[in-house]
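Have a look at the structure below before the remarks.
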Amino acid sequence: MKYAGLVLANLGRNKLRSLFTAGAIALAVLLVCLLMTMPAGLDRLISDLGSNTRISVHNKAGLVYSMPQSFTRKVRQLDGVLAAVSMTWFGGAYEEEGRVTFPNFAVEAEHVGSVYPDYVFTPGAVDEFVRHRDGAIVGRKIMRQYGWKVGDRITLRSTVWPANLDVRIVGEIADDNAPMLWINRTYLDETLKAAGRGGLGIAGIIWVRVDRPERVGALMSEIDEMSRNSESPTASETEKSFISNFFGSLKGFVTIILIVTALVSLCIVFIAANTASMAVRERSGEIAVMKAMGFGRRAIFGTLLAEATLLSTFAGALGVAGAIALTRALKTVATLGPTLGPLGNFTVTNDVVTAGLALSLFVGLLSGLVPALGAARKPVVDALREVF
Amino acid sequence: MAPLRGVRYPRCMPLADPLPGPPPSAPEEATLIDIRHVSRHYRRGVDEVHALDDVSLRIAPGRFVAFMGPSGSGKSTLMNLVSGLDRPSEGEVVVAGQSLGDLDEDELAAWRARHVGLIFQFFNLIPVLDARDNVALPLLLTDLGKAERHRRAETALRVVGLDHRLDHRPNTLSGGEQQRVAIARAIVTDPDLIVADEPTGDLDAKNAEATLGLLRELTDAFGKTIVMVTHDPRALRFVDEVFHLDKGLLLEGSDAERASEAIRLAAGGHASAGARP
Ligand SMILES: Nc1ncnc2c1ncn2[C@@H]1O[C@H](COP(=O)(O)OP(=O)(O)OP(=O)(O)O)[C@@H](O)[C@H]1O
Ligand SMILES: [Mg+2]
Chain A
1 MKYAGLVLAN LGRNKLRSLF TAGAIALAVL LVCLLMTMPA GLDRLISDLG
51 SNTRISVHNK AGLVYSMPQS FTRKVRQLDG VLAAVSMTWF GGAYEEEGRV
101 TFPNFAVEAE HVGSVYPDYV FTPGAVDEFV RHRDGAIVGR KIMRQYGWKV
151 GDRITLRSTV WPANLDVRIV GEIADDNAPM LWINRTYLDE TLKAAGRGGL
201 GIAGIIWVRV DRPERVGALM SEIDEMSRNS ESPTASETEK SFISNFFGSL
251 KGFVTIILIV TALVSLCIVF IAANTASMAV RERSGEIAVM KAMGFGRRAI
301 FGTLLAEATL LSTFAGALGV AGAIALTRAL KTVATLGPTL GPLGNFTVTN
351 DVVTAGLALS LFVGLLSGLV PALGAARKPV VDALREVF
Chain B
1001 MAPLRGVRYP RCMPLADPLP GPPPSAPEEA TLIDIRHVSR HYRRGVDEVH
1051 ALDDVSLRIA PGRFVAFMGP SGSGKSTLMN LVSGLDRPSE GEVVVAGQSL
1101 GDLDEDELAA WRARHVGLIF QFFNLIPVLD ARDNVALPLL LTDLGKAERH
1151 RRAETALRVV GLDHRLDHRP NTLSGGEQQR VAIARAIVTD PDLIVADEPT
1201 GDLDAKNAEA TLGLLRELTD AFGKTIVMVT HDPRALRFVD EVFHLDKGLL
1251 LEGSDAERAS EAIRLAAGGH ASAGARP
């Protein structure tokens, strides 16, 4: 503690350099903290994407196989199921495009609203959809892509069914996470019947909303159990795992984040080590004189190491504070509009704070170690001779 | 210059261990520094440099002595051995009854802190500390509290006549003033021995004389033993004794007298007063 004044005075000796180094360390620690919020933030993003109480039921054999539509009604009867809607791949190609460029499904119009209470529809969209059998609800991304407006009529030529459907867009899903188009199941069913087919008896996926999250597990096994001995046994998944299958590459992304974090950390060690060794070299005369006066190896080593550590820890604390401030600001921005929502998912947790501070302490110790050791171990006469 | 008289310098600093050795009643025989057959060799590639060759000498306490000689003659080497900064290749250095060879690196550092005050040619003050904190620096090695450290630093600065510059940083002081701060730093622990390597080497004539006068007064008023390495012929007027070195050898008898005479002649009027007895 006696040496505190000396350590502080030495840090203030080259204010600009201390400031630059502190700035570099602070910025790097800020970056590392932000990077460290990402894996957790992405996780939260996925769980937001999939409501915790929604499960998907599909044929155990795979997503391309179907289930009888009657199974949807059975599921709907189960205790704890608030709503269920079947979605069946229509495979419609827009006008003359000839191939499917966006997912489109036939859904039970009267049930989508209650399965997706968390989706933001344009006002009256769901009611219009129920009322008009040729209605369609379209995700905003597709609307933009094709320049459609609510009220537009479009033709979808199915690549799966012998049916070309003229539909009228009655509403939009104002959510970029829902890049699909829904048509009315009744419309397709009646069209097929009119064409002399037996009607649409199947369901592709059944989306089920459960009343409470803790019931999800039990209901999934109940549903799968119910279909086990039928011709099409099912497999249920929570929406979260269903979606993260799509985001399968996310794991690799997290690995990249971790590698970048490690590289940034290494980078600040070099920056700080450079400063520490410059500080020692610049002061070799004084250090020699202090050693001559009788300051022992431990005192020299300790004060130099303390100097490097103090600088980097102080800078690291600033960086952590910056990361907290930045994520707070992002959270505020996130409330401004639904598209900005995902920005609010990144939080500097206590773990991240601890890691950021530990990193800066470690950087200080590591960077100060070599120069401090060198200065402490150099024999005093050699040190003096270099100076005089 | 230095308002030494009238200032009571504290003789009771905790660092000042009473010196073992002969009682002060017999100062003629007393020996503070005993250099016994000391050699110092350096390896430089394949050849060996004999910086010092079998040098023996004694210095009594309370004396102001100078090591003189041409460049490369081994003056600094000898001074480093006396002050425990370096170890001899052969021979023994005994200061105040302590054989320095018996101390390990850390013990030697602690010994220097307690017994030696150092003054260098290029002052080597710490630029970010003011005069008071620079002087108080060696006291960090004691248990003294901050207030007491400051009080003693102020006393030492008063001894060198700089108590009106307490808060000045080195870069706001003249060369002479900086050297006086360095001298205050060397005496603040009240050491038995002060060693100075070319203390006037970087000073103009006026400040050089003032510095030499100040060192002289430290022996006269406080009984400090001072060993000074110098090229400065003016020093002859201030010191009690001169040891002449040449090519690592200590000159004795007529050789030493001739060396002193040569310096006096070279200095012209400067050294007219001659060395003290
Ligand atoms: N570490 C070392 N390695 C090799 N040679 C050395 C070393 N230190 C001193 N010497 C040599 O020892 C001799 C004496 O050096 P010293 O520094 O004692 O001379 P000096 O009398 O103080 O000279 P000056 O008046 O120039 O300061 C010189 O020849 C010098 O080159
Ligand atoms: Mg020298």
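Taken in order, these protein sequences are the chains called A and B. Each residue of the first sequence is one higher than the one before, counting from 1 in this note's numbering. Each residue of the second sequence is one higher than the one before, counting from 1001 in this note's numbering. Beta carbons are placed, not taken as given, at the ideal position from N, Cα and C, and that holds for glycine. Small disclaimer: the values here were computed from a predicted structure and weren't measured.
Determine the closest residue to residue i out of the options, with distance taken between C-alpha atoms.
i	options	result
valine 260(A)	Leu19(A), Leu6(A) and Leu34(A)	Leu34(A)
alanine 383(A)	Gly201(A), Ser284(A) and Met226(A)	Ser284(A)
glutamine 1121(B)	Leu1100(B), Val1181(B) and Leu1139(B)	Val1181(B)
leucine 1118(B)	Asp1163(B), Gly1223(B), Phe1222(B) and Glu1198(B)	Glu1198(B)
histidine 111(A)	Ala194(A), Arg73(A) and Phe102(A)	Arg73(A)
aspartate 118(A)	Ile173(A), Asp134(A) and Ile202(A)	Ile173(A)
glutamate 231(A)	His58(A), Thr327(A) and Gly98(A)	His58(A)
alanine 109(A)	Tyr65(A), Arg185(A) and Leu361(A)	Arg185(A)
asparagine 1134(B)	Ala1110(B), Thr1142(B), Phe1243(B) and Leu1166(B)	Leu1166(B)
alanine 1221(B)	Val1049(B), Gly1062(B) and Leu1100(B)	Gly1062(B)
alanine 376(A)	Thr1077(B), Glu1105(B) and Met1079(B)	Glu1105(B)
tryptophan 148(A)	Arg197(A), Tyr94(A) and Val115(A)	Tyr94(A)
arginine 1169(B)	Gly1213(B), Ala1110(B), Asp1130(B) and Val1242(B)	Asp1130(B)
glycine 1072(B)	Ala1110(B), Val1049(B), Gly1091(B) and Phe1064(B)	Val1049(B)
alanine 321(A)	Thr303(A), Gly124(A), Thr349(A) and Gly296(A)	Thr349(A)
phenylalanine 295(A)	Ala1109(B), Lys1075(B) and Leu1100(B)	Ala1109(B)
glycine 1097(B)	Ile1033(B), Glu1154(B), Arg1132(B) and Asp1190(B)	Ile1033(B)
glutamate 1177(B)	Ala1210(B), Leu1140(B), Arg1216(B) and Val1239(B)	Ala1210(B)
valine 1229(B)	Ser1076(B), Asp1047(B), Ala1262(B) and Asp1240(B)	Ser1076(B)
alanine 942(B)	Leu1193(B), Arg1132(B) and Val1227(B)	Summary: the structure shown does not reach residue 942(B), with chain B confined to residues 1001 through 1277, and so no result is reported for it.
arginine 281(A)	Pro371(A), Thr238(A), Thr234(A) and Val333(A)	Pro371(A)
isoleucine 324(A)	Ala9(A), Met36(A), Ala22(A) and Leu8(A)	Met36(A)
Tell me the rounded alpha-carbon separation between residue i and residue j.
i	j	result
valine 29(A)	arginine 298(A)	30 Å
leucine 1157(B)	asparagine 1207(B)	17 Å
aspartate 1163(B)	threonine 1172(B)	15 Å
phenylalanine 270(A)	leucine 6(A)	25 Å
arginine 54(A)	arginine 209(A)	5 Å
methionine 293(A)	alanine 1259(B)	32 Å
glycine 368(A)	alanine 178(A)	53 Å
lysine 15(A)	valine 1094(B)	45 Å
valine 1082(B)	lysine 1247(B)	18 Å
phenylalanine 102(A)	leucine 181(A)	7 Å
leucine 19(A)	alanine 1113(B)	35 Å
glycine 1021(B)	arginine 1043(B)	Because glycine 1021(B) sits at a pLDDT of 41, beneath the cut-off of 50, its placement in the model cannot be relied upon, and the point is left open.
alanine 1256(B)	alanine 1205(B)	26 Å
leucine 1265(B)	arginine 1234(B)	12 Å
aspartate 224(A)	valine 126(A)	30 Å
leucine 1125(B)	threonine 347(A)	49 Å
methionine 1068(B)	glycine 1223(B)	22 Å
alanine 83(A)	leucine 42(A)	28 Å
arginine 168(A)	arginine 328(A)	43 Å
threonine 303(A)	glycine 1213(B)	36 Å
leucine 1245(B)	glutamate 1252(B)	9 Å
isoleucine 202(A)	threonine 88(A)	7 Å
alanine 1153(B)	lysine 378(A)	29 Å
valine 1227(B)	arginine 1237(B)	15 Å
leucine 392(A)	asparagine 104(A)	Past the edges of chain A, shown from 1 to 388, lies residue 392(A), and the structure says nothing about it.
What does residue i reach in chain C if we use C-beta pairs closer than 9 Å?
i	result
leucine 373(A)	Absent here is chain C; the protein component of the structure consists of chains A and B.
Looking at residue i and ligand 3, is the gap between the Cβ and the nearest heavy atom below 7 Å?
i	result
valine 1093(B)	Although ligand 3 was asked about, the structure shown includes only ligand 1 and ligand 2 as ligands.
Using a beta-carbon distance cut-off of less than 7 Å, what residues from the stretch 1072-1086 of chain B approach chain A? Within the stretch 1072-1086 of chain B, those residues whose Cβ lies closer than 7 Å to any Cβ of chain A are, in chain order, Asn1080, Leu1085 and Asp1086.
Does the stretch 1038-1045 of chain B touch the stretch 1053-1073 of chain B, meaning 3 or more C-beta pairs lie closer than 8 Å? Contact between the stretch 1053-1073 of chain B and the stretch 1038-1045 of chain B is present: three or more C-beta pairs spanning the two stretches fall below 8 Å.
The stretch 129-141 of chain A / the stretch 210-228 of chain A touching (three or more Cβ pairs under 8 Å): The stretch 129-141 of chain A vs the stretch 210-228 of chain A: no contact.
At a cut of 8 Å, does the stretch 190-206 of chain A reach the stretch 159-169 of chain A through at least three beta carbon pairs? Using a Cβ-Cβ distance cut-off of 8 Å, the stretch 190-206 of chain A and the stretch 159-169 of chain A are in contact, since at least three pairs of beta carbons, one from each stretch, lie closer than that value.
Using a beta-carbon distance cut-off of less than 9 Å, what residues from the stretch 291-324 of chain A approach chain B? So the list reads Lys291, Ala292, Met293, Gly294, Phe295, Gly296, Arg297, Arg298 and Ala299, given in the order they occur along the chain.
Contact the stretch 271-279 of chain A vs the stretch 303-310 of chain A: 3+ CB pairs below 8 Å: Three or more pairs of CB atoms, one per stretch, sit closer than 8 Å, so the stretch 271-279 of chain A contacts the stretch 303-310 of chain A.
Could you list the residues in the stretch 1041-1073 of chain B with a C-beta less than 8 Å from some C-beta on chain A, going in chain order? Correct list: empty, as no residue qualifies.
Are there three or more Cβ pairs, one per stretch, closer than 8 Å when the stretch 355-370 of chain A is compared with the stretch 64-73 of chain A? The answer is no - the stretch 64-73 of chain A does not touch the stretch 355-370 of chain A, with fewer than three Cβ pairs under 8 Å.
Check distances from the C-beta atoms of the stretch 268-286 of chain A to those of chain B and list, in chain order, the residues that come in under 8 Å. For chain B, the residues of the stretch 268-286 of chain A that bring a beta carbon within less than 8 Å of one of its beta carbons are Gly285 and Glu286, in chain order.
Closer than 8 Å, Cβ to any Cβ of chain B: which residues of the stretch 5-25 of chain A, in chain order? Under the 8 Å Cβ criterion, the stretch 5-25 of chain A contributes Gly5, Leu6, Ala9, Asn10, Gly12 and Arg13.
What residues sit near ligand 2, counting only those whose C-beta is closer than 7 Å to one of its heavy atoms, in chain order? Any residue whose Cβ sits closer than 7 Å to a heavy atom of ligand 2 makes the list: Lys1075(B), Ser1076(B), Asp1197(B), Glu1198(B) and Val1229(B).
Compile a chain-ordered list of the residues in the stretch 1162-1191 of chain B whose CB is closer than 7 Å to at least one CB of chain A. Correct list: empty, as no residue qualifies.
Name, going along the chain, the residues of the stretch 357-385 of chain A whose beta-carbon falls closer than 9 Å to a beta-carbon of chain B. Result list: Pro379, Val380, Val381, Leu384 and Arg385.
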